Amino acid sequence: MSEGKKLRRGFGWLTVLGAVLVVGGIVGLVYTGVATLTSMLLFGWLLLVGGLVGVLQAVQSRGSNFFWLGVVVAALNLAAGIVVIRHPESTAEALTMFAALLFLTGGVFRLVGSVVVRGPQFGWTLVQGAFGVLLGLFVLFDWPHSSLYVLGCFFSLALLFDGLGLIAIGMGGRQMVNMVSAATPGDQEETHN
């Protein structure tokens, strides 16, 4: 198999993965509550796996100065993972509150910074700040009900845009490989045979 065919196949798989992520993102936007719980459970399992890996690393580093630090970090990851898996709704509420406060404070800093500095991006920074404040207030005023959809919506949008990016890379990469293959006489003979 020629290099061109291998590259086309690889870019094709990127496009397929992108399409799967786009479908997952759209389904998540339709069912934001399920996406929120799914993302919380995934987060909890990732914390558990990270804690187990941390325990193994701590055991391997016995006798070093970082042993106890590794044990503490691993224990915290394990405990947090168990809490998130056992109480995904409460975790979603806490993370939604945290996200709302981040949007609110980030928006306020952008607003104040844009007014004080008045740099070349004054208008965009002002709009970003206002949007951050409005988003933070919107999530806070509807809290704890907003925790049912906010994280799932963000998770689904991330899947959707990551998928669109992979589709663009896959399709663009295939087109570039086709253009290079068409310009290279040796590759062209292999594709015709």
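For the sequence shown, position 92 matches number 143 in the working numbering, and the numbering has no gaps at all. Every residue gets a Cβ at the ideal spot worked out from N, C-alpha and C, and that includes glycine. Quantities reported herein were computed from a predicted structural model and do not represent experimental measurements.
Restricting attention to alpha helix (DSSP H) runs no shorter than 4 residues, the segment 192-243 encloses them at 201-234, 236-243, ordered along the chain. With contacts defined as CB atoms closer than 8 Å, Ala125 and Gly102 qualify as a contacting pair. By the Cβ rule, the segment 132-148 does not count as touching the segment 205-219, because fewer than three pairs are nearer than 8 Å.
In the structure shown, the three-state DSSP call for Gly170 is coil.
DSSP places Asn128 in the helix class (H, G or I) of the three-state scheme. Contact between the segment 157-165 and the segment 181-198 is present, with at least three C-beta pairs closer than 8 Å. Assignment of Gly114 by DSSP, reduced to helix, strand and coil, places it in the coil class. The C-beta of Pro171 has fewer than 16 other C-beta atoms within 10 Å across all chains shown, which makes the residue exposed. Only buried fits Asn128, as 16 or more other CB atoms lie within 10 angstroms of its CB. His138 is the residue among Phe192, Leu177, His138, Gly61 whose C-alpha sits nearest the C-alpha of Leu88. Here the alpha carbon of Ser141 sits roughly 27 Å from the alpha carbon of Phe212.
The beta carbon of Met222 sits closer than 8 Å to the beta carbons of Phe62, Thr66 from its chain, once the five residues preceding and following it are set aside; these are given in chain order. A straight-line Cα-Cα distance of about 39 Å links Gly132 and Gly224.
Rounded to the nearest angstrom, the gap between the Cα atoms of Ser198 and Val134 is 17 Å. Pairing Ser112 with Leu93, the inter-Cα distance amounts to about 28 Å. For Leu153, the CB contacts under 8 Å within the same chain, skipping 5 residues up- and downstream, are Gly187 in chain order. When Val201, Val100, Val106 are compared, the shortest CA-CA separation from Val81 is found for Val201.
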